[in-house]
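In terms of the numbering used here, the sequence shown is numbered consecutively and its last residue is 92.
Beta carbons are placed, not taken as given, at the ideal position from N, Cα and C, and that holds for glycine.
Just so we're clear, the structure is a prediction, and the values are computed from it rather than from any experiment.
A short worksheet on the structure shown next.
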Amino acid sequence: MRGRTFMDKFVIIDEAQNLTPKQMKTLITRAGPGTKIVCMGNLAQIDTPYLTEGSSGLTFAVDRFKGWPHSGHITLARGERSRLADFASEVL
C-alpha cells in the first residue's frame, strides 16, 4: 500500500474492526482527489487477539473524524442477516 495513491476511486474497507489504528491510517491516507472511502465493521466481531473495541482502528477513525464536515458515521440499530444470526450474536 505504501507509495500508492487512489485517484477517483470508491474504496470499501470491510472488516475494519480488525485493523489497528496504524493500518487504518495507512489505508485512509492513500486517498487522492475524488476518492471516497467507506469503512465497515462490527466491534462485537473483533477476532484479532490484541485488539479491543477501544483499540480498534475502526474506533480510532470514527473518533478522529467526528465533527469533520466531510465525513459521516452510521450505526445500524439491528442486524441485517436474520433472526437466527441476531439470536446467536446475543447468546454465543
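Limits of the alpha helix (DSSP H) - the one that residue i falls within
i: F87; result: R83 to V91
i: T96; result: In the structure displayed, the chain extends from 1 to 92; residue 96 sits before or after that span and is not available.
Per DSSP, cross-strand counterpart(s) of residue i
i: I13; result: C39
i: F65; result: DSSP output for F65 lists no bridge partner at all.
Test item: CB-CB of residue i and residue j under 8 Å
i: F10; j: K36; result: yes
i: T5; j: G32; result: yes
i: T75; j: L51; result: no
i: G41; j: L58; result: yes
i: M1; j: R30; result: yes
* Asked: What residue ranges within the stretch 31-61 form continuous alpha helix (DSSP H) runs of no fewer than 4 residues, ordered along the chain?
  -> none
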